[in-house]
Amino acid sequence: MSTINIELYYFIMCSVQEGEDVSPARKEKIVEERTCMKCEKKAVLVTRVNDAFCKECFMVYVTHKFRAAIGKSKLIRDGESVLVGVSGGQASSCLLHLIQEGLSGRAHKKLRFKPGLVFIDEGATIGMSAEERLANCTQVLEIMEKTGFPCYLKALEQAMELEREAVTNTADQTVTASMTSVEDLTKLHRYDKAEEELRALMDSLKSVSAKEDLIKSLRQKILMDLALKKGYSKVMLGDCSTRLAVRLLTDIAQGRGAHVAMDTAFADNRCNDITIVRPIRDFSSKEVAMFNILNNVPSVFIPRITTKAADSVSIEHLTERFVTGLQAEYPSTTSNIMRTGEKLHTEKKSSSENQCAICQAPLDTDVPPSSALSAVRFSETMSRCSSVTLSIFSTDTACGGGGDKTCQSEGQKESECCGRGDGSCQSKESKLTRDEVESALCYACRLLIKDLGDVSKLPKHILDDISQRQRRTKMKSEIEDFLLDPSNTPD
Amino acid sequence: MMKTPITLEFSGGAELLFDKVKKHNIELPASEKKWTIGNLLLYIKDNLLKERPELFMQGETVRPGILVLVNDADWELMGELDYEIQPNDRIVFISTLHGG
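Taken in sequence, the protein lines are chains Y and Z. For any residue, its number in this note's numbering is found by taking its place in the first sequence, counting from 1, and adding 64. For any residue, its number in this note's numbering is found by taking its place in the second sequence, counting from 1, and adding 31.
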């Protein structure tokens, strides 16, 4: 680990320009009384490598950073409906407070969007008792309701039951100010079946990294679904810079390098209709904590899957340990990581068929046969099946190997589909094979389901999406001969 | 020699290591050496920390990711481990880590 530390440290710290001094600023011990860098009053906090701020100047600095992030992007229009994801934690509570301040009459040039708040109860992922879940939800809802904005309460297991909606014109939908009261919490018990399905799915995933990844994707699905159904055109999340720096490195480690830009940018437009925005992406976790203390912002700590776990329990947990440890010695760590991430760019694919069925990101797996991905798959297939035949290497399923129990491919099942391919087919669905599912997933999501024995444990709407794509592909290949090839048409 | 009364607060998940009790009013026993945050940490480790010391401390200091505030000010401005504790100080430990 220490060798990796040093190498990564140089990668992160070193400036690219020639001739510059490459050693980063190590944190200096402060010996004398520091005064605010702006107004010379007594300082309360040190941030941004070595700048000291007093309380008032810090508030101005923070508010300005928040407003600038939103204003510079020119993405959030006046009167727009924005769904704010509230986890109850410090960062989202800070975001909530900033939104309230920004929208209030006191603000200089006040913000003009219309927020709605949503809290997703994830207690099912750690087997939390119903009482504890109720207690947590009550606490968070109380904080949310004080703001006066419309509030929604969701449970993560609802992601197992989502219905696939056809994309409708969302611009005409208006948001009704429906307040979810504390009494509505009894609805928590309605999702017992979904909760069991979620538990079964989580239990089938062996590694904690895979579980975390799945939780992240399910959370996103719920947010997008709610935004679509209620007419919100933006989803606002409280991801601070420290969290995003960890996310960036974790993504690379998990095979999501292609999506790093999307996961950490201010605006994430993986879903065509709804943009995810991250207005506090420039705030370090220290600034967030200080802001909350100085403004008495309440937050609720809710344990998650990696709480109190050993360092190496998951990739993200380990990365967090690494980044925070490095940040303590070298205060420019997270800003360097974020700046590097900003230079990356994800190409946006046009149709939804080119999106990963689980994480919605553009597929990085539809590459020609000479790609690195094909090479990886080839070696994987070779090492699994004991007897080798060249016919193994195809993009279809059948494994020619002899009797090795580790070979996981299954034979193609004949589907009874009428071949329409537009979703109107009413014939009984045959089970999707693992290869069919994988064809609709990005590289990292394929790794996610690697340990999943039975792919039919995935949420229904994902399986339906994949089935539809399969039918479309089949239909397309059937009518291919009848399609005019543009390059061959006689003029 | 008098005892030094202080208030300790734990939040952001750090309270999980202290039986979920967020606020502690304690009196530091009289001692010949002055009470600094460094000594205080050892005192906390020996007397208040209920489990998993490695999640709160790393060596002599707090684990990276735990913010320490002395009377609502960053401890980096007060000398960190060398700050001398005064009676009725309020020292807050906030965990900014994901999983507590």
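Where a beta carbon is used, it is the ideal one built from N, C-alpha and C, also for glycine. On a predicted model such as this, the values are computed, not experimentally measured, just so you know.
Chain Y within 7 Å of residue i, Cβ atoms only
| i | result |
| --- | --- |
| Z:Pro-118 | no |
| Z:Glu-107 | yes |
| Z:Ile-125 | yes |
| Z:Pro-84 | no |
| Z:Lys-51 | no |
| Z:Leu-112 | no |
| Z:Met-33 | no |
Cross-strand partners of residue i (DSSP beta bridge)
| i | result |
| --- | --- |
| Z:Glu-40 | Z:Lys-54, Z:Val-123 |
| Y:Lys-218 | Y:Ile-184 |
| Y:Ser-145 | Y:Lys-178 |
| Y:Phe-117 | Y:Leu-109 |
| Y:Pro-426 | Y:Gln-419 |
| Z:Leu-79 | Z:Leu-79 is not bridged to any residue. |
| Y:Lys-298 | Y:Val-146, Y:Thr-339 |
| Z:Asp-105 | Z:Leu-100 |
| Y:Leu-226 | Bridge partners of Y:Leu-226: none, in fact. |
| Z:Thr-35 | Z:Leu-59 |
| Y:Met-123 | None, per the DSSP bridge assignment. |
Length of the line joining the Cα atoms of residue i and residue j
| i | j | result |
| --- | --- | --- |
| Y:Gln-222 | Y:Leu-162 | 29 Å |
| Y:Gly-517 | Y:His-525 | 19 Å |
| Y:Glu-384 | Y:Val-150 | 21 Å |
| Y:Ala-353 | Z:Lys-51 | 19 Å |
| Y:Leu-427 | Y:Leu-312 | 18 Å |
| Z:Glu-40 | Z:Phe-124 | 6 Å |
| Y:Leu-390 | Y:Ile-344 | 22 Å |
| Y:Lys-477 | Y:Val-501 | Residue placement at Y:Lys-477 is poorly supported in this model, since its pLDDT is 42, which falls under 50; the coordinates still yield a value, given next. Roughly 14 Å between the two C-alpha positions. |
| Z:Pro-36 | Z:Ile-97 | 23 Å |
| Z:Lys-81 | Z:Val-93 | 16 Å |
| Y:Arg-403 | Y:Gly-302 | 19 Å |
| Y:Arg-368 | Z:Leu-48 | 15 Å |
| Y:Ala-436 | Z:Arg-121 | 57 Å |
| Y:Val-182 | Y:Asn-336 | 21 Å |
| Y:Val-364 | Y:Met-208 | 11 Å |
| Y:Lys-538 | Y:Thr-398 | 47 Å |
| Z:Lys-76 | Y:Asp-289 | 46 Å |
| Y:Lys-294 | Y:Leu-287 | 11 Å |
| Y:Ile-184 | Y:Glu-276 | 15 Å |
| Y:Leu-57 | Z:Thr-127 | Only positions 65 to 555 of chain Y appear in this structure, which leaves residue 57 of chain Y out of reach. |
| Y:Gly-405 | Y:Gln-419 | 22 Å |
Chain Z within 7 Å of residue i, Cβ atoms only
| i | result |
| --- | --- |
| Y:Phe-442 | no |
| Y:Thr-388 | yes |
| Y:Ala-107 | yes |
| Y:Phe-183 | no |
| Y:Arg-98 | yes |
| Y:Val-113 | no |
| Y:Cys-463 | Confidence at Y:Cys-463 is low in this model, with a pLDDT of 42, below 50, so its placement is unreliable and the value that follows should be read with caution. No, Y:Cys-463 does not count as interfacial toward chain Z. |
| Y:Glu-206 | no |
| Y:Glu-276 | no |
| Y:Glu-384 | yes |
| Y:Ser-245 | With a pLDDT of 49 at Y:Ser-245, under the threshold of 50, the modelled position of this residue cannot be trusted, and the question is left open. |
Proximal chain Z residues relative to residue i, where beta-carbon distance stays under 8 Å
| i | result |
| --- | --- |
| Y:Lys-357 | Checking the sequence, you will find Ile at residue 357 of chain Y rather than Lys. Going along chain Z in sequence order, the residues near Y:Ile-357 (Cβ under 8 Å) are Leu-100, Asp-103, Val-123, Ile-125. |
| Y:Ala-353 | Gly-43, Leu-98, Ile-125, Thr-127 |
| Y:Gln-532 | Going along chain Z, no residue has its Cβ under 8 Å from Y:Gln-532, so there is no contact; the nearest lies around 36 Å. |
| Y:Ala-116 | Leu-108 |
Neighbour list for residue i in chain Y, Cβ cutoff strictly below 9 Å
| i | result |
| --- | --- |
| Z:Leu-47 | Phe-365, Pro-367, Thr-371, Lys-372 |
Partner residues on chain Z for residue i, Cβ-Cβ distance less than 7 Å
| i | result |
| --- | --- |
| Y:Lys-350 | Leu-98, Thr-127 |
| Y:Ala-392 | Pro-95 |
| Y:Ala-258 | The premise fails here: Y:Ala-258 is roughly 25 Å from chain Z at the closest Cβ pair, so nothing lies under 7 Å. |
| Y:Gln-284 | Chain Z residues near Y:Gln-284: none, gap ~17 Å exceeds 7 Å. |
Under 9 Å by beta carbon: chain Z residues contacting residue i
| i | result |
| --- | --- |
| Y:Val-324 | Those do not exist, as Y:Val-324 stays about 19 Å from chain Z at its closest Cβ, beyond 9 Å. |
| Y:Val-110 | Asp-105, Glu-107, Leu-108 |
Under 8 Å from the C-beta of residue i: neighbouring residues of chain Y
| i | result |
| --- | --- |
| Z:Pro-36 | Near Z:Pro-36 there are no residues of chain Y at all, since even the closest Cβ is about 21 Å away, more than 8 Å. |
Query raised in the report: At what residue ranges does the segment 314-394 of chain Y contain a whole run of the alpha helix (DSSP H), taking only runs of 4 or more?
Result: 324-328, 349-358, 379-393
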